[in-house]
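Every letter in the sequence shown is one number past the one before it in numbering that gives the first Met the number 0, and letter 34, counting from 1, is 33.
We treat Cβ as the ideally placed atom computed from N, Cα and C, and that holds for glycine.
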Amino acid sequence: MRFSKKVLFFGLVLAAVAGALLVSCSKKSDAAAGKGLVGVIMPTRSEERWIKDGNAVKEGLEKLGYTVNLQFSDDDIPTQTRQIDDLITRGVKVLVIASIDGSALSNQLANAAANKIPVIAYDRLLMKSPNVDYYVSFDNYKVGGQMGDILIRGLKLDQATTAKPVIIELFAGSPDDNNSVGFYQGAMDNLKPYFDKAVLKVPSGQIERTVVGTLRWDAAEAQKRMENLLSAYYSGNEVLNGILSPYDPISLSCLEACKAVGYGSTPGKPLPVVGGQDCIVASCKSILAGEQYATVLKDTRSLGAATVELVDTLLQGKTPTGLDTSSYNNGSKIVPSLLLDSVIVTKDNLKTAVIDTGYISASELGL
Ligand code: BGC
Numbered sequence: 000m001r002f003s004k005k006v007l008f009f010g011l012v013l014a015a016v017a018g019a020l021l022v023s024c025s026k027k028s029d030a031a032a033g034k035g036l037v038g039v040i041m042p043t044r045s046e047e048r049w050i051k052d053g054n055a056v057k058e059g060l061e062k063l064g065y066t067v068n069l070q071f072s073d074d075d076i077p078t079q080t081r082q083i084d085d086l087i088t089r090g091v092k093v094l095v096i097a098s099i100d101g102s103a104l105s106n107q108l109a110n111a112a113a114n115k116i117p118v119i120a121y122d123r124l125l126m127k128s129p130n131v132d133y134y135v136s137f138d139n140y141k142v143g144g145q146m147g148d149i150l151i152r153g154l155k156l157d158q159a160t161t162a163k164p165v166i167i168e169l170f171a172g173s174p175d176d177n178n179s180v181g182f183y184q185g186a187m188d189n190l191k192p193y194f195d196k197a198v199l200k201v202p203s204g205q206i207e208r209t210v211v212g213t214l215r216w217d218a219a220e221a222q223k224r225m226e227n228l229l230s231a232y233y234s235g236n237e238v239l240n241g242i243l244s245p246y247d248p249i250s251l252s253c254l255e256a257c258k259a260v261g262y263g264s265t266p267g268k269p270l271p272v273v274g275g276q277d278c279i280v281a282s283c284k285s286i287l288a289g290e291q292y293a294t295v296l297k298d299t300r301s302l303g304a305a306t307v308e309l310v311d312t313l314l315q316g317k318t319p320t321g322l323d324t325s326s327y328n329n330g331s332k333i334v335p336s337l338l339l340d341s342v343i344v345t346k347d348n349l350k351t352a353v354i355d356t357g358y359i360s361a362s363e364l365g366l
């Protein structure tokens with residue numbers, strides 16, 4: 000087939016226009032990438048909150064024109080170390096890391112520092128390393144205080160007497176997560192006056208955080224422990240009144256274990272008062288159904304927005320201000336921190352605190 004000169008000319012013009020367009024497109028994507036590639040690593044995709052966290056950070060940064068590589072580590076430490084090494088090789092300008100085991104990443108953090116990549120510990124503090132630049136989280140000690148307050152309110156501990164002490168069992172978070180320390184300390188400090196007055200008792204005597212901890216926040220493990228406690232200490236007339244729980248899936252598992260031995264369906268054995276944390280959909284449903292008593296809402300949208308602002312500040316070459324420079328020592332240094340507030344959610348404020356703010360929609364809750 001032969002082309003006329005006219006067609007050939009027209010074709011050349013078209014090719015030139017297309018070429019110019021291509022150049023301008025690639026310049027545009029260079030410009031976006033030029034604003035910086037940010038590595039974001041979340042511990043697992045199997046928990047509702049970390050998906051929300053990951054998305055909030057990614058979307059916020061992308062809106063500002065950054066390129067984001069978001070990874071989830073399947074709660075597997077070797078996967079997480081590999082992902083960090085890989086992101087460093089790809090030339091990320093900042094690393095945002097929510098760790099699995101806060102003490103397991105020292106080599107990767109040293110590698111980041113050697114490449115002058117600032118590291119932000121996201122929600123969970125990175126421990127025992129000088130190579131952590133910032134920490135963004137909630138005030139974990141206050142979150143723990145709220146877990147204690149949930150029991151104080153739900154069990155009406157101010158009205159309890161030594162003649163009829165209130166009976167509870169205790170659960171803590173994963174021992175390798177520094178947040179567990181703040182949560183448990185905050186809760187136990189608020190409950191201490193009631194233990195001191197002997198109006199609050201733990202029949203199993205299992206009180207040390209390391210003893211009541213739940214490795215990797217595993218709800219199935221917590222359920223097993225609850226079942227064992229019920230059969231060892233509550234097989235007679237003893238009735239469990241409350242459970243300190245640091246995490247919604249643990250709360251729901253403990254409630255399941257209690258239901259299986261008649262709580263909630265036997266006269267004199269109401270479901271124990273149980274709090275929680277993270278405000279997951281299943282727990283909100285349970286709260287509305289009058290089962291789980293409360294949860295602590297840590298709005299992942301606010302944490303995401305605070306992180307995005309911090310990353311942007313750093314990548315603009317500015318120095319972040321207004322940070323807490325005394326609360327969080329990671330065993331190697333004090334890590335400048337940005338600490339947000341959390342909210343207790345019960346049946347009374349679930350609509351205003353969760354639905355009206357758009358954190359969870361009414362339809363997700365089947366309303
Ligand atoms: C977070 C909690 C979360 C828990 C389990 C903690 O580090 O602060 O919000 O429930 O991990 O994922």
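Assignment of N240 by DSSP, reduced to helix, strand and coil, places it in the coil class. DSSP places S250 in the uninterrupted alpha helix (DSSP H) bounded by 247 to 259. L190 is bridged by DSSP to nothing; it lacks a bridge partner. Scanning M41, Y65, L154 for the CA closest to the CA of P164 turns up L154. Contiguous beta strand (DSSP E) elements confined to the segment 93 to 156 occur at 93 to 96, 118 to 121, 133 to 137, taking only those with 3 or more residues. The nearest non-hydrogen atom of ligand 1 is 7 Å or more from the C-beta of D298. Here the segment 290 to 305 does not lie against the segment 79 to 99, with fewer than 3 beta-carbon pairs under 8 Å apart. At a threshold of 7 Å, R224 does not count as near ligand 1, since its beta carbon sits no closer than that to any of the ligand's heavy atoms. Inclusion of Y183 and V334 in the CB contact set at 8 Å is not warranted, their separation being larger than that value. Here the alpha carbon of D84 sits roughly 15 Å from the alpha carbon of I119. Listed as beta-bridge partners of V342 by DSSP are L296. Spanning the alpha carbons of L125 and S362 requires a straight line of approximately 37 Å.
Counting every other CB atom within 10 Å of its CB across the protein chains shown gives T160 a total below 16, marking it as exposed. Look at R123: its beta carbon is less than 7 Å from one of the heavy atoms in ligand 1. Less than 8 Å divides the Cβ of Q276 from the Cβ of M146. Annotation for L36: the continuous beta strand (DSSP E) segment containing it runs 36 to 41. The beta carbons of A112 and N130 sit closer together than 8 Å. CA-CA distance, M187 to T43, rounds to 28 Å. Residue side-chain check: Y246 places its Cβ nearer than 7 Å to a non-hydrogen atom of ligand 1. Closest by C-alpha distance to E46, out of T209, N189, Y246, is Y246.
Per DSSP, the continuous alpha helix (DSSP H) segment holding T209 begins and ends at 208 to 211.
Secondary structure note for V165: its beta strand (DSSP E) is the uninterrupted segment 165 to 169.
The beta-carbon separation of G185 and K141, rounded to 6 Å, stays under the 8 Å limit for a contact.
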